[in-house]
Amino acid sequence: MKLKFLAVFGLAATLCSCDDETVGIGQFIVDDELIDAKAASYNVTTQSLLLDSVYSRSSTAYLGKFTDKDYGTFSSDFLVQINCPENFSLPDKLEDIVEAKLGLYYTDYFGDSLSTLRVQVDTLNTVIKDDGKDKNLYYSNLDPKKYYDATTPFLAVKDYAAYDKTVSDSVRNATDSYGNKTYYPNVSVDLGKDFCKYLLDKYNETKEVNGQTVHPNFRDSEAFIKNVLKGFYVHTTQGEGSILYVSDIYLSLKLSYWDKTDEDKDTLLTGYVQMASTKEVFMSSRFKNANLDELKSDPERTYLKTPAGICTEVTLPLKDMFDAHQKDTLNSISVSFQKLKSQEAGPFKMGTPSRLLMVRKSDMKSFFEDNKVNDNKTSFIACYDSKTATYQFSKLNRLTSYIFSEIRPEVEKGEAAWNKWVTEHPDWNKVVLIPVTTESDSQGNIIGVENDLNVNSAMLVRGVEGDPSSNEENQITMNVIYTQPKQR
0 MKLKFLAVFG LAATLCSCDD ETVGIGQFIV DDELIDAKAA SYNVTTQSLL LDSVYSRSST
60 AYLGKFTDKD YGTFSSDFLV QINCPENFSL PDKLEDIVEA KLGLYYTDYF GDSLSTLRVQ
120 VDTLNTVIKD DGKDKNLYYS NLDPKKYYDA TTPFLAVKDY AAYDKTVSDS VRNATDSYGN
180 KTYYPNVSVD LGKDFCKYLL DKYNETKEVN GQTVHPNFRD SEAFIKNVLK GFYVHTTQGE
240 GSILYVSDIY LSLKLSYWDK TDEDKDTLLT GYVQMASTKE VFMSSRFKNA NLDELKSDPE
300 RTYLKTPAGI CTEVTLPLKD MFDAHQKDTL NSISVSFQKL KSQEAGPFKM GTPSRLLMVR
360 KSDMKSFFED NKVNDNKTSF IACYDSKTAT YQFSKLNRLT SYIFSEIRPE VEKGEAAWNK
420 WVTEHPDWNK VVLIPVTTES DSQGNIIGVE NDLNVNSAML VRGVEGDPSS NEENQITMNV
480 IYTQPKQR
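Heads up: the sequence shown at position 168 corresponds to 167 in numbering that gives the first Met the number 0, and the numbers run straight through without jumps.
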């Protein structure tokens, strides 16, 4: 008996090497001579879940359009405000705002670098008040038409490609004295002379305060957004083939102003000022996926597609496990999801999500809105293992024990009460697998979890009902190591 115990418990250590505790319903007795460790497996079912939107609060904006033969057409655009620092000022003897450009600087992109798209910039006509109370502002299905008038003339347009062939190799490859590249890929959109005149007129609306001339419209970001520029809606209107990952957004102003030279002579000079979109003001991307409905009914696969798009819903066999193990100690529970090899033949393949969040379906919305991190109790993160092409989740004994405690009072009320409770709580045994990105501290601890907003996808084996011992291809099983303390 002791040898049997050691062998099975060795399996438990392999399955859950990071566990630092065991949890369960029954009492755990330390004397290993009285412990009978066993293994069991239970069938898991999965299906694809369409997502009309995801919580997309991010410092990166996304712009472009791309069509994939499997996942259809995807497009992205964004709304953005420009920050005005407190007590912002231009040169005292300002002559003119000669030029105003909206610069969209990107660190990366997906798709065809040479595809030509047309970006259009519209000004917003409604102030977006981002005080943290309206979470809907940061969902990826935000309707831009609530904040700008599509019937009025646009502010500016620009044709662009992710790789700008007008930039010379000498500029593109230039470095500073430390060897860092100085060229930063960008799309620069000229906003026109009328916009420059409008900004100048707003800046010249001055008043006297304590004997000093001030510019109330440029006092701070709140005044600037309310009185001068409520923001921009930036979107593509023609072409497709790439998605830009825009990390910095600047409103760049070219100025002419008078100043004294070394000879004390008035001279008209040229200067530049930049106003940026920063975390203090609003920015949110909108994502739109088409033609994903057919994927949901695929009998052999489930899907992951970012940004937004589609994820995988998992139904856990928790009632069967409760009936079998309500008096046992659950030492280890794990489940693995197999990624299928992509059949894409095109030159621009989507990336594979590097991390999946497993979270209860009922907690999915609040997890992201409340900026939670995985607690290894009701939410877990698995990294993609390229060697086995799997995402493996362990420590699920904690989740199972948590839900067992939740349902025990309902089960004990009898079958009728239990069936009523299940009807009222249809997602009690469901979790979702969502691609995410994480932020870690210097010790490697995860301190932030966000929806993955890059263009990634994966196909997973779809789990179907059946006997977990049948070894059929579409079997996904929860593997359980448990102990049953014997009576003395």
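C-beta atoms are modelled at their ideal positions from N, C-alpha and C, and glycine is treated no differently.
Integer-rounded CB distance, given that residue j should sit under 8 Å from residue i
| i | j | result |
| --- | --- | --- |
| residue 389 | residue 338 | 7 Å |
| residue 392 | residue 379 | 5 Å |
| residue 61 | residue 248 | Incorrect: roughly 12 Å between the Cβ atoms, too far for contact. |
| residue 291 | residue 138 | About 17 Å separates the two Cβ atoms, so there is no contact after all. |
| residue 456 | residue 303 | 6 Å |
| residue 229 | residue 313 | In fact, because the Cβ distance is near 43 Å, the residues do not count as touching under 8 Å. |
| residue 145 | residue 125 | 7 Å |
| residue 453 | residue 350 | 7 Å |
| residue 272 | residue 363 | Contact doesn't hold; Cβ gap of about 43 Å is too wide. |
| residue 231 | residue 123 | 7 Å |
| residue 59 | residue 245 | 6 Å |
| residue 399 | residue 317 | 7 Å |
| residue 284 | residue 57 | 7 Å |
When the options are compared against residue i, the one with the closest alpha-carbon
| i | options | result |
| --- | --- | --- |
| residue 55 | 256, 116, 163, 306 | 306 |
| residue 66 | 240, 145, 368 | 240 |
| residue 117 | 479, 63, 447 | 63 |
| residue 212 | 121, 289, 92, 454 | 92 |
| residue 226 | 235, 233, 234, 216 | 216 |
| residue 280 | 127, 74, 482, 210 | 127 |
| residue 204 | 223, 188, 190, 189 | 223 |
| residue 110 | 348, 449, 461, 361 | 348 |
| residue 296 | 43, 39, 36, 48 | 48 |
| residue 50 | 286, 397, 426, 299 | 286 |
| residue 95 | 41, 141, 196, 158 | 196 |
| residue 191 | 89, 381, 155 | 155 |
| residue 335 | 168, 478, 424 | 478 |
| residue 328 | 263, 397, 386 | 397 |
| residue 202 | 386, 188, 219, 209 | 219 |
| residue 153 | 177, 188, 129 | 188 |
| residue 199 | 214, 175, 162 | 214 |
Per-residue DSSP class, three states only, for residue i
| i | result |
| --- | --- |
| residue 474 | coil |
| residue 171 | helix |
| residue 137 | helix |
| residue 416 | helix |
| residue 73 | strand |
| residue 363 | helix |
| residue 83 | coil |
| residue 206 | strand |
| residue 424 | coil |
| residue 407 | helix |
| residue 379 | strand |
| residue 62 | strand |
| residue 127 | coil |
| residue 434 | strand |
| residue 320 | helix |
| residue 222 | helix |
Residue i, buried or exposed, once every other Cβ within 10 Å from all chains shown has been counted against 16
| i | result |
| --- | --- |
| residue 80 | buried |
| residue 235 | buried |
| residue 394 | buried |
| residue 254 | buried |
| residue 359 | buried |
| residue 401 | exposed |
| residue 72 | exposed |
| residue 439 | exposed |
| residue 482 | buried |
| residue 45 | buried |
| residue 461 | buried |
| residue 446 | exposed |
| residue 558 | It is not possible to answer for residue 558, since the shown part of the chain is limited to 0 through 487. |
| residue 132 | exposed |
| residue 267 | exposed |
| residue 488 | Past the edges of the chain, shown from 0 to 487, lies residue 488, and the structure says nothing about it. |
Cβ of residue i within 7 Å of any chain B Cβ
| i | result |
| --- | --- |
| residue 95 | Among the chains of the structure shown, chain B does not appear; only one protein chain is present. |
Touch test, the stretch 272 to 280 against the stretch 319 to 332, Cβ-Cβ under 8 Å, three pairs minimum:
no
Quick one: any contact between the stretch 250 to 265 and the stretch 132 to 150, if contact means 3 or more CB pairs under 8 Å?
no
Inter-stretch contact at 8 Å, needing at least 3 Cβ pairs: the stretch 94 to 108 / the stretch 183 to 196
yes
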